[in-house]
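Just below is one structure, and these are the notes that go with it.
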Amino acid sequence: MTQKLVIIGAGMASGRLLEELFELAPDAYDVTLFGAEPRGNYNRIMLSPVLAGEKCYDDIVTHDADWYREHGVTCRFGEAVDKIDRAQKLVITANGATSYDKLVIATGSASFLIPVAGNDLPGVVGFRDLDDVTAMLQAAQAPAGKAVVIGGGLLGLEAAAALNEQGMDVTVLHLMGHLMDRQLDPAAGYLLQQELQRRGIKVNCKAHTKAILGKDQVDAVLMEDGTVHGADLVVMAAGIRPEVRLANDAGLHVERGIVVDDTLLTSDPDVFAVGECVEHDRTVYGLVAPLFDMAKVLAQTLIGQPAGFVAPAVSTKLKVTGVDLFSVGDFAEGPEREEIVFRDPGRGIYKRIILRDNRIIGTVMYGDTADSSWLFAKLKSGEDISDIRDTLIFGPAFPAGAPTDPLATIAALPDDAEICGCNGICKGAIVTAIGKGATDLAALKATTKASASCGSCTGLVEQVLASTLGDTFVIPAAQPICGCTDMTHEDLRRMIKSQSLKTMPAVMQECGWKTSCGCHTCRPALNYYLLAEWPLDYADDAQSRFVNERNHANIQKDGTYSVLPRMWGGMTTPDELRAIADAADKYDVPAVKVTGGQRIDLLGVKKQDLPHMWADLNEAGMVSGHAYSKGLRTVKTCVGTDFCRFGTQDSTGLGIKLEKLLWGSWTPHKVKLAVSGCPRNCAEATCKDVGIICVDSGFEISVGGAAGMELKETEALAKVATEQEAIELTVAFIQLYREHARYLDRAYKWVAKVGLDWVKERVVEDLAERAALCERFELSQSVYRKDPWAEQATPAFQRDKWSALADLTLEAAE
Amino acid sequence: MRNWIDIAGLNDIPKRGARVVKTTLGCVAIFRTDDDKVYAIDDTCPHKKGPLSEGIVHGASVTCPLHNWVFDLETGMAQGEDVGQVATFDTQVLNGRILLEASRLAARSAA
Ligand SMILES: Cc1cc2nc3c(=O)[nH]c(=O)nc-3n(C[C@H](O)[C@H](O)[C@H](O)COP(=O)(O)OP(=O)(O)OC[C@H]3O[C@@H](n4cnc5c(N)ncnc54)[C@H](O)[C@@H]3O)c2cc1C
Ligand code: SF4
Ligand code: FES
């Protein structure tokens, strides 16, 4: 008698299994196929084009009623299996029991519903089967409908793009830092996000969903940060879970999926499993290629042929019309791995190939995936590519050796990209002038005024010359920031501004970075430039800061830290002094020192004590003195008219006002100020970045002093009559420095580069510019004028940042 | 013998960051790279004992916070002109948990 084969689940894996089986041995089994969906097998992958309206259901059916009839399959569609009785070898459905000799579980996966309130409201759908698609299309009928897609992976983005095609207003909420984080690296994720946004899809990364709101129907999604996104439809695409309930209840060995051996056999000798519900060698799969391999192996196993499933490399392509994206293998970085990165910012192309021992182990491509199959083949074959290494990234068609054009970035800029910020000169104007005969820098300066002011755009202007004139113009060598890029600091600042680059991956992509996440030289600089240019949009990145700024304390040579509370204008009180003394006692501080900046330093503090000490000092009303930052350090003052018989103005009061205004701000390098009450200059104002000397008729402001490795006296900026003006000039000067100086240039170095006259024009003479500078400074301070100690002394921070991850000393001692 | 110890969740360490595990032989720094690889090396810089866990992490390297020596996280070798090496320990990430191979830590303490 023919053996009875029962299959649970009429999906892609079991569909392929039946094809393979009938091919090998048409009459080996009497097959009964149960399917929960009221239809036979169709190409689930193509649900996205169906949702987008590019295909209809009939186009994607793979096995129709005729096919099942011809092959003698008993179809039980629309009939979910409720239970497996392994002892009696029965499967149970609502209609009764069916016996089997061999059983195959092919139940696939189910959409993972994130566990938040409201996830069961009508209007919340998964993206798994035809019914989900029908529900979504229904919702898309309503005019001006809003859809929120939770999950920015393959499924979520296909749903988002399709719903956008259907005319819905779509927002994607993605938990991780960049889209498709499992398949793409941040750079490619960034390009993808740009493309989707260009189509009108809103993308929010690092988005934590708190609840889905609505009474009888969804109407909004609430985020952890309080943002609310209106929604008529919520698509859950935050992941899938292998459908293992039946197997679990039946007592089969189940981990994340139903555990099978190489022959697809479960822990029961008569029960097999295939498809997404399976876990093989600790891996579960979510793409069809490996499932088809499994189906083939299982067909052989079922007829007694020896066969074994071997985990294959799987590749991913996003099926969104017009988006070219490909990812395969392991694209993580690592030592012993080498990467080849190619970026063409002009055409929005990014390619990365990861090599180990001269073999390809992974690649990510965006924008141009023409060579993906060629590379994938090389990855699978594991062949040694040393011979073609240098040209590998250019694909099989590559002739030999022509290097990429370093000027591509500039050539790709649109005509209205601003090159010279001082004079508002765009690329188009420069190109026109070159066309009219201004073929060198001097001529361009004279005719267009480009780079004629602060000069920081000189590099870019030269590159425009080079890209316009070709070989006839040779760019004088400029020093790039570091080995990761060819750009200079000045080029980079200008690109960030003119191209509205607001994240690190954006800068690295558009400016052709050669490494995937920079290095210790460029990252801190980039972090500063981004936060200075986009205070509201850019989120400061602690991991791109040097240890002192990350830990808000100065690291000492023995790895301990120093703690230094702010003393506004160098003034303190008995209570503050007592609190400092108490902290020194309590935390066993080995050294207490009065500094040159008129405050008190506690040296030799252990890292784990920092937050506790800060909390104590906060308690006494003190805040961080930022003695560790490239930012405002101190404002030294003398006692002025309050006590000194020579005093002409309230120098202490002005110093305190300035410090309260400026504290917390980040600057290219440290900034120190001083205010003296008369020309005797007891506060030593003439060797500070900004020094103010009070006289009877007002305030003399001078800038660009230093007393470090170099000793420099300040130069006079202006003399003003009122305290208010003195404050405005100081703020405007510091903001100009923040906006234009190179990272790690002290103010005096920057002033020497741009010239004091250029500074005066903007800060002293042009009143509108002065006001605008002050306004921009204040905007930035609305974010950064805060005490980092208070922020980091919280319990959450203490647990996550200041303590050791684990303490193994106890275990190791056993 | 391999001795895997579950020390923390992956998310307990920031991307491009590090934290330390205390052992009887001093601190071991556990690094998490931008693409979620995890490495463990001795926390102490062979140059002048800088705490490597406080350095800037880039690619699969870390830059010592004191004098900018750069170490390869996989081999523990100093890069470029500088000469030196720190001990490395095996790690793996399983279901979001970081496991540290601690047999060498135990062996060294027993000796
Ligand atoms: C929108 C979308 C796009 C995709 N795009 C791609 C792509 O581009 N590339 C790619 O490789 N993969 C893609 N996939 C994944 C691919 O479709 C799956 O990997 C594949 O369908 C899994 O096959 P399966 O047979 O294991 O499960 P399924 O195809 O899900 O079949 C399982 C079937 O079992 C039924 N079932 C479950 N429980 C029971 C029960 N108790 N009783 C009876 N029946 C039951 C289910 O209703 C279902 O019909 C996509 C998936 C979706 C949803
Ligand atoms: S600077 Fe002038 S006002 Fe200030 S303390 Fe010295 S002498 Fe007095
Ligand atoms: S201590 Fe590490 S580089 Fe000097």
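If you're matching them up, the sequences are chains A and B in order.
Reading the first sequence from the start, the letters are residues 1 to 814 in this note's numbering.
Reading the second sequence from the start, the letters are residues 1001 to 1111 in this note's numbering.
Positions of the beta carbon are idealized from the N, C-alpha and C atoms, including for glycine.
Around the Cβ of residue 420 (chain A), a 10 Å sphere holds 16 or more other Cβ atoms; the residue is buried.
At least one heavy atom of ligand 3 falls within 7 angstroms of the beta-carbon of residue 1050 (chain B). Looking at the DSSP output, residue 380 (chain A) bridges to nothing. At a cut-off of 7 angstroms, the beta-carbon of residue 372 (chain A) does not count as near ligand 1: no heavy atom of the ligand is closer than that. Distance from the C-beta of residue 1073 (chain B) to the nearest heavy atom of ligand 3 is not below 7 angstroms. Straight across, the Cα-Cα distance linking residue 576 (chain A) with residue 205 (chain A) is about 43 angstroms. Judged by DSSP in its simplified three-state form, residue 795 (chain A) adopts helix. Scanning A:110, A:724, A:795, A:310 for the CA closest to the CA of residue 771 (chain A) turns up A:724.
Residue 523 (chain A): member of the alpha helix (DSSP H) spanning 522-533, first to last residue. Under the DSSP assignment, residue 156 (chain A) falls outside any beta strand (DSSP E), being part of the alpha helix (DSSP H) whose first and last residues are 154-165. Within the chosen limit of 7 angstroms, ligand 1 reaches the beta carbon of residue 108 (chain A) through at least one heavy atom. In this structure, residue 45 (chain A) has its beta carbon less than 7 angstroms from a heavy atom of ligand 1. Under DSSP, residue 1088 (chain B) shares a beta bridge with B:1041. Under DSSP, residue 291 (chain A) shares a beta bridge with no residue. Distances from the CB of residue 276 (chain A) to the heavy atoms of ligand 1 include at least one below 7 angstroms. Within the segment 87-116 of chain A, complete beta strand (DSSP E) segments of at least 3 residues are found at 90-93, 96-99, 102-105, 109-111, given in chain order. Contact of residue 186 (chain A) with chain B by beta-carbon distance below 9 angstroms involves 1034, 1035.
Of the heavy atoms belonging to ligand 1, none sits nearer than 7 angstroms to the Cβ of residue 320 (chain A). The segment 78-95 of chain A and the segment 214-228 of chain A do not touch, with fewer than three beta-carbon pairs separated by less than 8 angstroms. With its beta carbon less than 8 angstroms from one in chain A, residue 1012 (chain B) belongs to the interface. Less than 8 angstroms separates the beta-carbon of residue 485 (chain A) from that of residue 522 (chain A). Look at residue 8 (chain A): its beta carbon is less than 7 angstroms from one of the heavy atoms in ligand 1. Note on geometry: alpha-carbon atoms of residue 191 (chain A) and residue 366 (chain A) lie some 8 angstroms from one another. Bounds of the alpha helix (DSSP H) holding residue 774 (chain A) are 767-784. Interface annotation, residue 284 (chain A): not in contact with chain B, CB-CB separation never under 8 angstroms.
Residue 343 (chain A) and residue 326 (chain A) have their C-alpha atoms some 15 angstroms from each other. Against chain A, a Cβ distance below 8 angstroms from residue 1087 (chain B) picks out nothing, because the smallest value is about 15 angstroms. The distance from the Cβ of residue 147 (chain A) to that of residue 170 (chain A) is about 5 angstroms, consistent with a contact at the 8 angstroms cut-off. Comparing alpha-carbon positions, the option among A:658, A:626, A:681 lying closest to residue 664 (chain A) turns out to be A:626. Residue 1002 (chain B) is outside the set of residues whose beta carbon lies under 8 angstroms from a beta carbon in chain A.
Between the alpha carbons of residue 779 (chain A) and residue 531 (chain A) lies a distance of about 12 angstroms.
The straight-line gap separating the alpha-carbon atoms of residue 193 (chain A) and residue 495 (chain A) is approximately 20 angstroms. Shown in chain order are the members of the segment 533-557 of chain A whose Cβ falls below 9 angstroms from a Cβ of chain B: 541, 542, 543, 544, 545, 546, 547, 548, 550, 551, 555, 557. In the three-state reduction of the DSSP assignment, residue 485 (chain A) falls in the coil class. For residue 338 (chain A), the CB stays at least 7 angstroms from every heavy atom of ligand 1.
With contacts defined by Cβ atoms closer than 8 angstroms, residue 240 (chain A) and residue 111 (chain A) form a contacting pair.
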